[in-house]
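S.K.: Encoded as structure tokens, here's the structure I'll be asking about.
2 protein chains.
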Amino acid sequence: MSSSYPIVDIHTHMYPPSYIRLLSSRSTVPYIHQPSEDPNADPRLIILASDDDPARPKSARGRPVDGTYSSFDQKRQFMQAHGITCSVISLANPWLDFLDPESALPTAQEINDDLDKACAENNAQPSGLKLYAFGCLPLSAPSQDIVQEIHRLKTLANVKGVIMGTTGLGQGLDDPALDEIFAALAATNTLVFLHPHYGLPDSAFGGQETIAKSGHVLPLALGFPLETTIAVSRMYLAGVFDRHPQLQFLLAHSGGTLPFLAGRIESCVAHEREFIANGGHRQGPKRSIWEVLHSNLYLDAVIYGQPGLKAAIEAAGSVDRVMFGTDHPFFPPLGDDKNSKWLSVESNISAIDGCFPQNEEAQRKILGGNAVRVLGLDL
Amino acid sequence: MSSSYPIVDIHTHMYPPSYIRLLSSRSTVPYIHQPSEDPNADPRLIILASDDDPARPKSARGRPVDGTYSSFDQKRQFMQAHGITCSVISLANPWLDFLDPESALPTAQEINDDLDKACAENNAQPSGLKLYAFGCLPLSAPSQDIVQEIHRLKTLANVKGVIMGTTGLGQGLDDPALDEIFAALAATNTLVFLHPHYGLPDSAFGGQETIAKSGHVLPLALGFPLETTIAVSRMYLAGVFDRHPQLQFLLAHSGGTLPFLAGRIESCVAHEREFIANGGHRQGPKRSIWEVLHSNLYLDAVIYGQPGLKAAIEAAGSVDRVMFGTDHPFFPPLGDDKNSKWLSVESNISAIDGCFPQNEEAQRKILGGNAVRVLGLDL
Chain C
1 MSSSYPIVDI HTHMYPPSYI RLLSSRSTVP YIHQPSEDPN ADPRLIILAS DDDPARPKSA
61 RGRPVDGTYS SFDQKRQFMQ AHGITCSVIS LANPWLDFLD PESALPTAQE INDDLDKACA
121 ENNAQPSGLK LYAFGCLPLS APSQDIVQEI HRLKTLANVK GVIMGTTGLG QGLDDPALDE
181 IFAALAATNT LVFLHPHYGL PDSAFGGQET IAKSGHVLPL ALGFPLETTI AVSRMYLAGV
241 FDRHPQLQFL LAHSGGTLPF LAGRIESCVA HEREFIANGG HRQGPKRSIW EVLHSNLYLD
301 AVIYGQPGLK AAIEAAGSVD RVMFGTDHPF FPPLGDDKNS KWLSVESNIS AIDGCFPQNE
361 EAQRKILGGN AVRVLGLDL
Chain A
1 MSSSYPIVDI HTHMYPPSYI RLLSSRSTVP YIHQPSEDPN ADPRLIILAS DDDPARPKSA
61 RGRPVDGTYS SFDQKRQFMQ AHGITCSVIS LANPWLDFLD PESALPTAQE INDDLDKACA
121 ENNAQPSGLK LYAFGCLPLS APSQDIVQEI HRLKTLANVK GVIMGTTGLG QGLDDPALDE
181 IFAALAATNT LVFLHPHYGL PDSAFGGQET IAKSGHVLPL ALGFPLETTI AVSRMYLAGV
241 FDRHPQLQFL LAHSGGTLPF LAGRIESCVA HEREFIANGG HRQGPKRSIW EVLHSNLYLD
301 AVIYGQPGLK AAIEAAGSVD RVMFGTDHPF FPPLGDDKNS KWLSVESNIS AIDGCFPQNE
361 EAQRKILGGN AVRVLGLDL
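Take a look at the structure:
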């Protein structure tokens, strides 16, 4: 891909050095393990509970974590190989969810400063490649610390929003205790990139033994998007978007499965006896899920196929609400040729091309224009 | 809706009298409870584990089960109100999953005979409304009993396939012990209507308390389709469709979320280290999920919105593989006007109309033509 307009990747992860050190200091999930028997081997990254299979040696758990996770040079090489002109990098899951309340705020500050500084250093170079970042929040800290960091992030020139998982303060994103946080995010016009990590309980897939037969396919292909769908549906049903109508979320993996299930959600809400049980006075969310999709939600275009991408665009209500992403450095080529174009990226690009074969304006919006407008990127 | 071509509802449930008697004889899920304090009150149907909330009196658990569940007259009234000319009725979940091995076969035989006879009696009338049925299988019985019933069903003139849940013999549909059953289904050219019932573990939704705040919305809107998606993905990953390439499944609720996630499944399979770990010899499913969608799977059109329906048709590969359904008698109008058109039906019909505003041939196929062809209906 080579073009005269900006190609912006809004779903691309980095572990900055401070985060690598943090994970390397741990021995429970999430952690990084350096195999001692082979010091030249890539360290292993164990981030999912299902990765930490005690039946395997630690050197075979999780996935190899090579330089693509932490090297800004390799990020730029990847961008150049795919014609990407700007990456909005974000910490990969599970972010800071696992920190104790005392260390959460200083750790978040350190990592966010790291990210901002790395972007600034990159953007001062004449390469033409731009980097911006989604910050992370100290969600295990007291609420005032979280709110403080939300406001501080607005002073970091290269931070353009925050990335967040689905657990919130520990009780999910429909937790009323989050109202203060959501109010601060809305008041500061901070876009929240909602990303899965925890998937579904193993029993949903028939248990660990069944899951293991196909490696990570069930947790990654299904668990991740279903987790996102459940999280945003719980927010919707609990009235979060009614109480915070200015809240703006960008949903990973094209909304999980929300675009496909929005009609069923609408129908189930309309037919729910619980919502009209109170003397005929209608309870439940005040707006339809479609209205929330059209005014509070953006979707990335990380869906690897035309049927899904078309549904995402149609459910979002407009081609203006869907943004290209790669999920780099995950889903690398498995062969030896690490520098070739990545199948995972090419399949997302070809889906965009296939949806709009004769419409460069629509392609341009999804590939970068929407991100420039929504995030206020200086390109 | 009124038309000169057949309108066939392939997703419409009935509890024949023998099944009502069976549920009424039970006091654990699934069961029917007749409130003793008000003999005029509709009995309550408690079919989901989440329905059986001990904090509520039994008379307020589950949902009222009125004549729409068991009355063929009311089924015909519903069909006439919506212009449906043929219904392929099926037992509602949880079918016979809960029976002990000894009673499963005779119960299945009794219910299947009941269904076939009711269809025959209806079809002998001059009303112009036709009924056919999907039979049920005694899945808790020994395999030879199940195979015997699969073959016997081919002798019942009005039975056009079978309905099945996601548990199979108790271990899911990727259980190798099902190979004998799948071989019999394929050899007899028996279409399997795959339907959810068990949803996801409560913890996937944040627990029972969170679920209860929005009644049945989370288990029904999300749990049901996610269960179907997981079940068919497990079959795919385990090579069931490779071993039984003639197997034909019709997936409820437009495939759960399979059409939206097929691209992600394909990508995760392509990037799964487990599948190439064996000395470079590729493991895992032999065909792409798209090929399986195009040759082994049909989808109903019970998805309540255009974005989902379009994705279903595109993922299915053709408008020839998607079939209209209503999910009657579930999702009735909640107001007093029980005889008006049902919102749940109208939203599915308007999605079909909206997808093909100028294409009566496509509408005709989805609304009935495909069912006539695939099931061999005599209309």
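Protein sequence lines correspond, in order, to chains C and A.
Going by UniProt numbering, the first sequence opens with residue 1, and the numbers climb by one from there.
Going by UniProt numbering, the second sequence opens with residue 1, and the numbers climb by one from there.
All C-beta atoms, glycine included, are put in the ideal place defined by N, C-alpha and C.
Here the structure is a predicted model, which means the values were calculated and not measured.
1. Over what stretch of residues does the alpha helix (DSSP H) that includes A/Ile111 continue unbroken?
2. Quick check on A/Leu194: does DSSP put it in helix, strand or coil?
3. Kindly provide the ranges of any beta strand (DSSP E) runs that are 3 or more residues long and lie completely inside the segment 274-358 of chain A, ordered along the chain.
4. Using DSSP's beta-bridge definition, name the partner residues of C/His13.
5. Taking only beta carbons into account, state which residues of the segment 332-359 of chain A come closer than 8 Å to chain C, listed in chain order.
6. Can you find a C-beta in chain A that's less than 8 Å from the C-beta of C/Val292?
7. Does the beta carbon of A/Ala270 sit closer than 8 Å to a beta carbon anywhere in chain C?
8. CA-CA distance, C/Gly165 and A/His33?
9. If we count the other Cβ atoms within 10 Å of its Cβ and call it buried at 16 or more, is C/Asn359 buried or exposed?
10. Assign A/Ala49 to one of three DSSP states: helix, strand, or coil.
11. Are A/Gly284 and A/Glu266 close, meaning C-beta to C-beta below 8 Å?
12. Indicate whether A/Gly263 and C/Ser350 have their beta-carbon atoms separated by less than 8 Å.
13. With C/Gly128 as the anchor, note down where its beta strand (DSSP E) starts and where it stops.
14. Since A/Cys136 sits in a beta bridge, which residues does DSSP pair it with?
15. DSSP three-state label for C/Arg264, please.
16. Among C/His216, C/Gln306, C/Ala371 and C/Ile146, which has the Cα closest to the Cα of C/Asp202?
17. If we ignore side chains and look at the alpha-carbon of each, how far apart do A/Lys213 and C/Ala118 end up?
18. Just checking my contact of C/Leu244 with C/Phe182 at CB under 8 Å: how many whole Å lie between their CB atoms?
19. Is the segment 103-117 of chain C touching the segment 127-143 of chain C in the sense that three or more CB pairs, one from each, lie closer than 8 Å?
20. Taking beta-carbon pairs under 7 Å, can you tell me which members of the segment 223-234 of chain A lie near chain C?
21. Report the residue from C/Gly255, C/Gly305, C/Tyr132 and C/Ile20 whose alpha carbon sits nearest the alpha carbon of C/His294.
22. Can you tell me whether A/Pro16 is buried or exposed? The criterion is at least 16 other CB atoms within 10 Å of its CB, across all chains shown.
23. In or out: C/Gly354 buried (at least 16 other Cβ within 10 Å) or exposed?
24. Taking 8 Å as the limit between beta carbons, can you name the residues of its chain near C/Pro333, skipping five residues before and five after?
25. Under 8 Å, do A/Glu314 and C/Pro259 count as touching if we go by C-beta distance?
26. Can you name the start and end residues of the alpha helix (DSSP H) that C/Leu153 belongs to?
27. From this set, A/Asn112, A/Ile230, A/Ala316 and A/Phe224, which residue's C-alpha is nearest A/Pro248's C-alpha?
28. Just to confirm the assignment: which complete alpha helix (DSSP H) runs, minimum length 4, are found wholly within the segment 211-264 of chain C?
29. Please report the straight-line C-alpha distance between C/Gly62 and C/Gly335, rounded to a whole angstrom.
30. Return the chain-ordered ranges of every alpha helix (DSSP H) run that is complete within the segment 56-82 of chain C and spans a minimum of 4 residues.
31. Could you give the C-beta distance for C/Asp300 and C/Lys365, rounded to a whole number, given that I count them as a contact under 8 Å?
32. Which bits of chain A does C/Gln306 rub up against, with CB to CB less than 7 Å?
33. Tell me which same chain residues have a C-beta within less than 6 Å of the C-beta of C/Pro142, skipping the five on either side of it?
34. For C/Ile303 and chain A, any beta-carbon pair shorter than 8 Å?
M.R.: From the atom records:
1. Pro101 to Asn123
2. strand
3. 297-300
4. C/Ser90
5. Pro332, Leu334, Leu343, Ser344, Ser347 and Ala351
6. no
7. yes
8. 42 Å
9. exposed
10. helix
11. no
12. no
13. Note, C/Gly128: premise wrong, no beta strand (DSSP E); not H, not E.
14. A/Ile163
15. helix
16. C/His216
17. 44 Å
18. Residue identity check: residue 244 of chain C is His in the sequence provided, not Leu. Yes, they are in contact, since the Cβ atoms of C/His244 and C/Phe182 sit about 5 Å apart, within 8 Å.
19. yes
20. Pro225, Leu226, Thr229, Ile230, Ser233 and Arg234
21. C/Gly255
22. buried
23. exposed
24. Ser340, Trp342 and Leu343
25. no
26. Ser143 to Leu153
27. In the sequence on display, residue 248 of chain A carries Gln and not Pro. The option with the nearest alpha carbon to A/Gln248 is A/Ala316.
28. 224-237 and 240-243
29. 18 Å
30. 72-81
31. Wrong, their Cβ atoms sit about 13 Å apart, outside the cutoff.
32. Glu314
33. none
34. yes
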